[in-house]
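Those letters in the sequence shown? Residues 0 to 79, by numbering that gives the first Met the number 0.
Let me begin by presenting the structure, written as structure tokens, before commenting on it.
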Amino acid sequence: MSRLAEVVPQLPMAGSRCLNFVLSQADKHNGEEVSNYEILDFQDCCSALGLNDRNYTGCHFRWTNGSVWSKLDRYLVNSS
Numbered sequence: 000m001s002r003l004a005e006v007v008p009q010l011p012m013a014g015s016r017c018l019n020f021v022l023s024q025a026d027k028h029n030g031e032e033v034s035n036y037e038i039l040d041f042q043d044c045c046s047a048l049g050l051n052d053r054n055y056t057g058c059h060f061r062w063t064n065g066s067v068w069s070k071l072d073r074y075l076v077n078s079s
């Protein structure tokens, strides 16, 4: 992960994607609990790249299969 931060130029970055990762347990409702390893891995990646999850208005949970709800849509930006 630290190598990735060295390779990626420190230019302004922004991206909006439906990612299959959550940043905290609060990003998932029902279903199997997300492991701390999975959460920390995504948090570490965002941190290494200097990316922050921007807040947005609207429904917190944007994906569902009918019984499990998750926040998978993110708008990530760096401070550049």
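All residues carry an ideal CB built from backbone N, CA and C; glycine is no exception.
Original post:
Beta carbon of residue 28, beta carbon of residue 62: below 8 Å?
Top reply: Cβ atoms of residue 28 and residue 62: not closer than 8 Å.
Subject >> Best match in 76, 78, 71 and 75 for proximity to residue 19 [C-alpha to C-alpha] >> reply: 71
Name the one or two DSSP bridge partners that residue 51 has. 76
Chain-order list of residues whose beta-carbon lies under 8 Å from that of residue 45 (same chain, five-residue window excluded): 22, 51, 52 and 75
How many angstroms separate the CA atom of residue 41 from the CA atom of residue 57? 23 Å
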